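**Student:** Questions regarding the structure given below will be posed in turn.
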Amino acid sequence: GQNIDQPTEMTATEGAIVQINCTYQTSGFNGLFWYQQHAGEAPTFLSYNVLDGLEEKGRFSSFLSRSKGYSYLLLKELQMKDSASYLCAVRTPSGGYQKVTFGTGTKLQVIP
Amino acid sequence: GAVVSQHPSWVICKSGTSVKIECRSLDFQATTMFWYRQFPKQSLMLMATSNEGSKATYEQGVEKDKFLINHASLTLSTLTVTSAHPEDSSFYICSAKTRGTEAFFGQGTRLTVV
């Protein structure tokens, strides 16, 4: 089976930096996604890592270590609008196709 | 970026009736579409994967006779919830992709069965 773990909730201050961790144990690995989801809305794509290392995109960065089964999403210069759930998802091979399994999500609250 | 349109955004139906949800890729051809369900305060749960022109692959625990998926063209997939019951009330989300790309999400459909 696939197991993806994230912290349930986090709180951070506006303007600060926050790191959201994700660990996974899966059968196979073909990439890891991070999504942002505001309450009542569909997820929005943030990043995709398939090789080890850091991917930076504006205020958001994502890191992957395949040997450790570990990823993190780094959010800098936090804004109030960053309050949302952040979903880690892992792509794995499945019967000739690809399958994406989501973690339970980390609810981030940004406070003034 | 790629646009995926899901319709309707919300629907209320009576218990025992069927509801159809459409997922369209507007500016690309979607070789694969995914259907998810999300209960309040829970993460997305993959229900099924459909490839154009072939039968959908359902995840364990998802009743294929209850959740009918049709992916008849490269731009349209439909999910029909048959004989809906209150426990089927949920947020249903589709995503679509073509080869070599990430999947893009529709805006979701909130289904309430009364």
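Chains as they are written, first to last, in this note's numbering: chain Y, 629 to 740; chain A, -15 to 98.
Cβ coordinates follow ideal geometry from the N, Cα and C atoms, glycine included.
Nothing here was measured: the structure is a model prediction, and the numbers come from that model.
Check distances from the C-beta atoms of the segment 51 to 72 of chain A to those of chain Y and list, in chain order, the residues that come in under 7 Å.
**Tutor:** Listed in sequence order: no entries.
**Student:** Please list the partners that F728 of chain Y has in chain A, where partner means a Cβ-to-Cβ separation under 8 Å.
**Tutor:** The question names Phe, but residue 728 of chain Y is Val in the sequence shown. By Cβ distance, chain A contributes F18, L30 and A87.
**Student:** Can you tell me whether DSSP reads D710 of chain Y as helix, strand or coil?
**Tutor:** Helix.
**Student:** Using a beta-carbon distance below 8 Å, is E642 of chain Y in contact with chain A?
**Tutor:** No, E642 of chain Y does not count as interfacial toward chain A.
**Student:** Run through chain Y and tell me which residues come within less than 7 Å of S27 of chain A, C-beta to C-beta.
**Tutor:** Those within 7 Å of S27 of chain A in chain Y are L715, F730, G731, T732 and G733.
**Student:** To which residues does DSSP link F18 of chain A through a beta bridge?
**Tutor:** Beta-bridge pairing links F18 of chain A to A:T33 and A:S79.
**Student:** Which value, in whole angstroms, describes the spacing of the CA atoms of P721 of chain Y and V(-5) of chain A?
**Tutor:** Going from the Cα of P721 of chain Y to the Cα of V(-5) of chain A covers about 34 Å.
**Student:** Find the residues of chain A that neighbour F657 of chain Y, judging by a C-beta separation of less than 8 Å, and give them in chain order.
**Tutor:** By Cβ distance, chain A contributes nothing, its closest Cβ being about 16 Å from F657 of chain Y, past 8 Å.
**Student:** Any beta carbon of chain A sitting closer than 8 Å to that of A712 of chain Y?
**Tutor:** No, its Cβ sits nowhere closer than 8 Å to a Cβ of chain A.
**Student:** Kindly list, in the order they appear in chain A, the residues whose Cβ is closer than 7 Å to that of Y676 of chain Y.
**Tutor:** The answer, in chain order, is E86.
**Student:** Is the Cβ of T96 of chain A closer than 8 Å to any Cβ of chain Y?
**Tutor:** No, T96 of chain A does not count as interfacial toward chain Y.
**Student:** Short of 8 Å in beta carbon distance, which residues of its chain neighbour T83 of chain A, apart from the five on each side in sequence? Order them along the chain.
**Tutor:** Note that residue 83 of chain A is Arg in the sequence shown, not Thr. For R83 of chain A, where only same-chain residues beyond five positions count, the Cβ hits under 8 Å are T15.
**Student:** Which first and last residues belong to the beta strand (DSSP E) in which F661 of chain Y is found?
**Tutor:** Its beta strand (DSSP E) spans residues L660 to Q665.
**Student:** Output, in chain order, the set of chain D residues within a Cβ distance shorter than 9 Å of E669 of chain Y.
**Tutor:** Absent here is chain D; the protein component of the structure consists of chains Y and A.
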